[in-house]
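With the numbering used here applied, the sequence shown closes on residue 565, and no number is skipped along the way.
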Amino acid sequence: LYTLSMYGRSEPLSLSYLNNLPKRNAYQNAYLLLTILELEKHNKDKTLQVGFSVDSYTKQKSQILAELKSQRKKDKLGTYFDNDTDNRWSWQGGRAEVTAVVLDTLIEAGDKSSIQGELITSLYKRGNGGAWNSTRETGT
């Protein structure tokens, strides 16, 4: 969905499904919010997919952001976000990868809270001399 939104496109059924999930994890909330923000940019530029309206989703941005921020966790390395599975090798990745996605989302959303600094510190501590737990975490 996010990749499509970068080109002013949407998959309305998938977006609606994700938006209406009864419980989304941090990874899902982050990408839902990034998708809405990207679609808004295209809406302003008049390059949004014909027949699609982002207005109903725009009204939910602050709610999604608040839900996302409430999902933060802390451990001895600091603040992080998790994919809510015990498998760091899942599609959504481990703590460092999900935390990096959330950090990007907070920056894109213009969030001014102290969480961003906490996440940067935590990500720094989670690295191991430039090495990470997976190649995806290294790339993130």
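No residue lacks a Cβ here, since even glycine has one placed at the ideal position from N, Cα and C.
Cβ of residue i within 8 Å of Cβ of residue j?
{"i": "residue 524", "j": "residue 493", "result": "no"}
{"i": "residue 435", "j": "residue 464", "result": "yes"}
{"i": "residue 535", "j": "residue 473", "result": "no"}
{"i": "residue 509", "j": "residue 450", "result": "yes"}
Can you tell me the Cα-Cα spacing of residue i and residue j, whole angstroms?
{"i": "residue 507", "j": "residue 522", "result": "9 Å"}
{"i": "residue 500", "j": "residue 517", "result": "20 Å"}
{"i": "residue 459", "j": "residue 520", "result": "19 Å"}
{"i": "residue 487", "j": "residue 470", "result": "22 Å"}
{"i": "residue 503", "j": "residue 531", "result": "17 Å"}
{"i": "residue 477", "j": "residue 454", "result": "21 Å"}
{"i": "residue 480", "j": "residue 431", "result": "17 Å"}
{"i": "residue 541", "j": "residue 483", "result": "23 Å"}
{"i": "residue 539", "j": "residue 427", "result": "26 Å"}
{"i": "residue 457", "j": "residue 489", "result": "8 Å"}
{"i": "residue 467", "j": "residue 429", "result": "11 Å"}
{"i": "residue 550", "j": "residue 543", "result": "11 Å"}
{"i": "residue 498", "j": "residue 505", "result": "5 Å"}
{"i": "residue 445", "j": "residue 553", "result": "38 Å"}
Under the DSSP definition of a beta bridge, which residues are partnered with residue i?
{"i": "residue 498", "result": "505"}
- Message: Please give the ranges of any alpha helix (DSSP H) in the stretch 513–540, keeping only runs that are unbroken, at least 4 residues long and fully inside the region.
- Response: 520–533
- Message: So within the stretch 440–498, which uninterrupted beta strand (DSSP E) runs reach at least 3 residues, ignoring any that extend past its ends?
- Response: none
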